[in-house]
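Protein sequence lines correspond, in order, to chains A and B.
Numbered according to my numbering, the first sequence terminates at residue 446, and the numbering increases by one at each position without gaps.
Numbered according to my numbering, the second sequence terminates at residue 446, and the numbering increases by one at each position without gaps.
Note that beta-carbon positions come from the ideal geometry of N, C-alpha and C, so glycine has one too.
Note that the coordinates shown come from a computational prediction; the quantities given were computed from them, not determined experimentally.
Worksheet: the structure to be examined is printed underneath.
2 protein chains.
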Amino acid sequence: MALIVQKYGGTSVGNPERIRNVARRVAEFQARGDQVIVVVSAMSGETNRLIALTKEVAKHPDPRELDVVVSTGEQVTIGLLCMALKDIGLKAKSYTGGQVRILTDSSHTKARILSIDEAPIRKDLEQGNVIVVAGFQGVDEQGNITTLGRGGSDTTAVAIAAALKADECQIYTDVDGVYTTDPRIVPEARKLDRITFEEMLELASLGSKVLQIRSVEFAGKYKVKLRVLSSFQDEGEGTLITLEEDQNMEQPVISGIAFNRDEAKITVLGAPDKPGIAYSILGPVAEANIDVDRSVQSVGHDGAADFSFTVARGDVDKALKALDAAKAQIGEHVIETDSSMAKVSVVGVGMRSHPGVAARMFRTLGEEGINIQMIATSEIRISVAIEEKYLELAVRVLHKTFGLEQQSGA
Amino acid sequence: MALIVQKYGGTSVGNPERIRNVARRVAEFQARGDQVIVVVSAMSGETNRLIALTKEVAKHPDPRELDVVVSTGEQVTIGLLCMALKDIGLKAKSYTGGQVRILTDSSHTKARILSIDEAPIRKDLEQGNVIVVAGFQGVDEQGNITTLGRGGSDTTAVAIAAALKADECQIYTDVDGVYTTDPRIVPEARKLDRITFEEMLELASLGSKVLQIRSVEFAGKYKVKLRVLSSFQDEGEGTLITLEEDQNMEQPVISGIAFNRDEAKITVLGAPDKPGIAYSILGPVAEANIDVDRSVQSVGHDGAADFSFTVARGDVDKALKALDAAKAQIGEHVIETDSSMAKVSVVGVGMRSHPGVAARMFRTLGEEGINIQMIATSEIRISVAIEEKYLELAVRVLHKTFGLEQQSGA
Numbered sequence: 037m038a039l040i041v042q043k044y045g046g047t048s049v050g051n052p053e054r055i056r057n058v059a060r061r062v063a064e065f066q067a068r069g070d071q072v073i074v075v076v077s078a079m080s081g082e083t084n085r086l087i088a089l090t091k092e093v094a095k096h097p098d099p100r101e102l103d104v105v106v107s108t109g110e111q112v113t114i115g116l117l118c119m120a121l122k123d124i125g126l127k128a129k130s131y132t133g134g135q136v137r138i139l140t141d142s143s144h145t146k147a148r149i150l151s152i153d154e155a156p157i158r159k160d161l162e163q164g165n166v167i168v169v170a171g172f173q174g175v176d177e178q179g180n181i182t183t184l185g186r187g188g189s190d191t192t193a194v195a196i197a198a199a200l201k202a203d204e205c206q207i208y209t210d211v212d213g214v215y216t217t218d219p220r221i222v223p224e225a226r227k228l229d230r231i232t233f234e235e236m237l238e239l240a241s242l243g244s245k246v247l248q249i250r251s252v253e254f255a256g257k258y259k260v261k262l263r264v265l266s267s268f269q270d271e272g273e274g275t276l277i278t279l280e281e282d283q284n285m286e287q288p289v290i291s292g293i294a295f296n297r298d299e300a301k302i303t304v305l306g307a308p309d310k311p312g313i314a315y316s317i318l319g320p321v322a323e324a325n326i327d328v329d330r331s332v333q334s335v336g337h338d339g340a341a342d343f344s345f346t347v348a349r350g351d352v353d354k355a356l357k358a359l360d361a362a363k364a365q366i367g368e369h370v371i372e373t374d375s376s377m378a379k380v381s382v383v384g385v386g387m388r389s390h391p392g393v394a395a396r397m398f399r400t401l402g403e404e405g406i407n408i409q410m411i412a413t414s415e416i417r418i419s420v421a422i423e424e425k426y427l428e429l430a431v432r433v434l435h436k437t438f439g440l441e442q443q444s445g446a
Numbered sequence: 037m038a039l040i041v042q043k044y045g046g047t048s049v050g051n052p053e054r055i056r057n058v059a060r061r062v063a064e065f066q067a068r069g070d071q072v073i074v075v076v077s078a079m080s081g082e083t084n085r086l087i088a089l090t091k092e093v094a095k096h097p098d099p100r101e102l103d104v105v106v107s108t109g110e111q112v113t114i115g116l117l118c119m120a121l122k123d124i125g126l127k128a129k130s131y132t133g134g135q136v137r138i139l140t141d142s143s144h145t146k147a148r149i150l151s152i153d154e155a156p157i158r159k160d161l162e163q164g165n166v167i168v169v170a171g172f173q174g175v176d177e178q179g180n181i182t183t184l185g186r187g188g189s190d191t192t193a194v195a196i197a198a199a200l201k202a203d204e205c206q207i208y209t210d211v212d213g214v215y216t217t218d219p220r221i222v223p224e225a226r227k228l229d230r231i232t233f234e235e236m237l238e239l240a241s242l243g244s245k246v247l248q249i250r251s252v253e254f255a256g257k258y259k260v261k262l263r264v265l266s267s268f269q270d271e272g273e274g275t276l277i278t279l280e281e282d283q284n285m286e287q288p289v290i291s292g293i294a295f296n297r298d299e300a301k302i303t304v305l306g307a308p309d310k311p312g313i314a315y316s317i318l319g320p321v322a323e324a325n326i327d328v329d330r331s332v333q334s335v336g337h338d339g340a341a342d343f344s345f346t347v348a349r350g351d352v353d354k355a356l357k358a359l360d361a362a363k364a365q366i367g368e369h370v371i372e373t374d375s376s377m378a379k380v381s382v383v384g385v386g387m388r389s390h391p392g393v394a395a396r397m398f399r400t401l402g403e404e405g406i407n408i409q410m411i412a413t414s415e416i417r418i419s420v421a422i423e424e425k426y427l428e429l430a431v432r433v434l435h436k437t438f439g440l441e442q443q444s445g446a
């Protein structure tokens, strides 16, 4: 008998028929002897409807009251799913975040979970109930309703799995797992059976949006076995996200290729070539809450240097404004922006023990005549900025070079 | 400085604009120094939308989970109203039933309030907050969400007024008070400035549906001053519902005339004329959950008696079935039904000290050629069943006879 936490997103519970489908799936797990805790989101569209309503009522909706309103979306779903479960003969009980209780800090609309009281849920499980918990919400020390921010239901599921030491936390979504890359670009892309938390974090933050990144961090921290599955398919094992140490089989060097289309390159020309200039430039940009991917500082000439970095395209104007305000520190300079950039990243924990990945990546792109404009790396990731028009080609050749369509790594 | 509880129904908070209107009204009370607690219903249509959703999900929606779903309607309204209040510069705080906490029994969908914790509300009031409480809901001893049944928000308002010893409980609705009778039938009908709880109960149960009857009972029991007002008019004092003892002015004999169109008369012909026969007939009908208005047993003949009573027209079939099942106790009999009946009632606490009201009522109707088919009475009410076609005429002549269009009673 296993204890399983299952999370169903808004699309999976988007209408009464889908809610009844979820109930049937839960019934199958219970029938084979598992204890099941289900975490649900609001029905798709519901959260947006509620937010629109608040904007009609108030110019500046108060955050505490916004949480009171928005948290009703998940409350409706837990009640409906429990009814559906009871209607097909199961014992079931719903819990709001406050009823669990999921204690959070008081940062309304983006609260962090502090602790979860597992005792009442444990007792109801032992009496044969399916437990249905509202995702995305909690209460603070004073009993105020809080919400966890976008994608918070994933975090709720992982936190409950951690608190109850569940055997597995299953995230049901509209894809059947994590792929080596986007199958719309590389039809040979392969669903990964396993991936490590670290790799998942690099893939998620680079655009493969399957799981809320916070929930992956949380799962890694508390060693919760996470599995991504499709709620629209009955077959399939999805993708298991685990600690590296759990994996016995040989590690492929590269697990996946992520990419991001909406990149822009900003180059500061002729900034003084002195220690600390990188901070003088990137500091003000980061302070303006703009994500910057670290860049290569080009070689200096005549005591000046050209310094490039990439930001999301939507952030270009904000970044330019921040640089303009910081003129005094940076010194006299000219700025060039190029908004036709894309970023491609190869990700894999195997990189640590296999040198030469970067060389192979650069050579492969070079052979296709793709010019690498910038490079950024982490311990398990190499990212390059290239012209956007080469994006699909780059992803395809890298996918092939690193043998990702095969069953084992290159 | 007064402490006022205000309750706004679904129509009064039916859309964002109306919610902002309620906020402005509350602001006026606060500006003149009153402390205000607001109780709100779900936005009109919302409760029905949620109930429809549950019926799409489950054939037999579980009552506990039904309460979880339906209670979100009021939760949305409290959040929205608080935002609107803060948006115009007031301090405000919302409370769900569980946050108050409004402790109820565990009878889901029809729970009864057991106690209210006034301490947190009192504290927030003293800090200058407007308190906004979700009507219609509470929690039981185990923390399960409960609802109070139809019209429960009135009861919530009265219960909170009782717990906090409020100076007045104001029920805002879409009429501007309680009238001597329906102005659509008698254009001269007069809004009452005052009425006693007892009278209100008799008028409410007879069809003048302004206030939830349970909330009037509650207000009477806990001596809460209740006032009915229009939420769509800025002027007017509405109708104050008080204990009889509060009233110094001379009591009018009759306060109002209630009526009910949907009546049917059921007559059991030739039942044995023996003690207990009334119970043999009415017992089974009452057990089938049918409201019966006590009736006059006609004089017996040859050891048999004809026994008549009235029920709501929609209950006729159910009543006939109940009588058929009880054949053994009632004995051989024939049943006649007449579905073209109406009931007219004169109500007034003054009746107690002024005999002759019944005689005057019967004479007035007789003069108009209206045949009285049955009579039922309480200490402060006389009801007659008449043919439905005479209903408007009867109400008009009685309204005139008892001088209800004038400022003081006859």
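- When 8 Å is used as the limit between beta carbons, B:R56 is near these residues of chain A: V93, in chain order.
- Contact annotation: A:V304 and A:I406 have beta-carbon atoms that are not nearer than 8 Å.
- The beta carbon of A:I114 falls within 8 Å of a beta carbon belonging to chain B, placing the residue at that interface.
- Contact between A:I249 and A:L237 holds: CB atoms are separated by about 6 Å, below the 8 Å threshold.
- Inter-residue distance for A:R263 and A:Q206 is about 5 Å (C-alpha atoms, whole angstroms).
- Nearest in C-alpha terms to B:P52, of all of B:M37, B:L121, B:M397, is B:L121.
- Think of a sphere of 7 Å around the beta carbon of B:M119: the chain A residues whose beta carbon falls inside it are T90, V93, A94, P97, D98, E101, in chain order.
- In the displayed model, A:Q135 falls within a helix according to three-state DSSP.
- Looking at the DSSP output, A:N296 bridges to A:K379.
- The beta carbon of B:K425 sits no closer than 8 Å to any beta carbon of chain A.
- A contact is defined here as three or more CB-CB pairs under 8 Å, and the segment 360–371 of chain A fails this definition with respect to the segment 389–406 of chain A.
- For B:S130, the beta-bridge partners assigned by DSSP are B:V168.
- Not flagged as an interface residue toward chain B: A:T373, since no C-beta distance is shorter than 8 Å.
- Per the C-alpha coordinates, the member of A:D374, A:G174, A:Q269, A:H337 positioned closest to A:D353 is A:D374.
- Residue contact check for B:Q111 against chain A: a CB pair falls below 8 Å.
- Within the same chain, I326 come within 6 Å of B:D351 by CB-CB distance, once the 5 residues on both sides are set aside.
- The beta-carbon separation of B:I231 and B:H435, rounded to 16 Å, does not stay under the 8 Å limit for a contact.
- The Cβ of B:Q135 sits closer than 8 Å to at least one Cβ of chain A.
- Here A:Q71 is buried. Its C-beta has 16 or more other C-beta atoms within 10 Å.
- Judged by beta-carbon spacing, B:V175 lies within the 8 Å limit of B:I181, meaning their Cβ atoms are closer than that value.
- Scanning chain B for C-beta atoms nearer than 9 Å to the C-beta of A:D123 yields V93, A94, K95, H96, P97, D98, reported in chain order.
- The three-state secondary structure of B:E238, taken from DSSP, is helix.
- Closer than 8 Å to the CB of B:V72 there is not a single CB belonging to chain A.
- In the three-state DSSP reduction, A:A364 falls in the helix class (H, G or I).
- Against chain A, the beta carbon of B:T108 has neighbours under 7 Å at T108, Q111, V112, listed in chain order.
- In this structure, B:F172 lies near B:S77, with their beta-carbon atoms less than 8 Å apart.
- Counting of Cβ neighbours within 10 angstroms places A:Y208 among the buried residues, the total reaching 16 or more.
- Listed as beta-bridge partners of B:E204 by DSSP are B:I40.
- Between B:K227 and B:G213 the beta-carbon gap is near 4 Å, inside 8 Å, which marks them as a contact.
- If you draw a straight line from the Cα of B:I40 to the Cα of B:A430, it is about 40 Å long.
- Against chain B, the CB of A:S130 has a partner CB under 8 Å away; the residue lies at that interface.
- Sequence-ordered contacts of the segment 154–186 of chain A with chain B read G179 [C-beta pairs closer than 7 Å].
- Exclusion of the five residues before and after A:D103 leaves H144, T145, I181, T182, T183 as the residues of its chain whose Cβ lies within less than 7 Å of its Cβ.
- In the same chain as B:D160, and ignoring 5 residues on each side of it, the C-beta atoms closer than 8 Å to its own belong to K129, I167, in chain order.
- For chain A, the residues of the segment 38–67 of chain B that bring a beta carbon within less than 7 Å of one of its beta carbons are P52, I55, R56, in chain order.
- When beta bridges are read from the DSSP output, B:D374 appears opposite B:K301.
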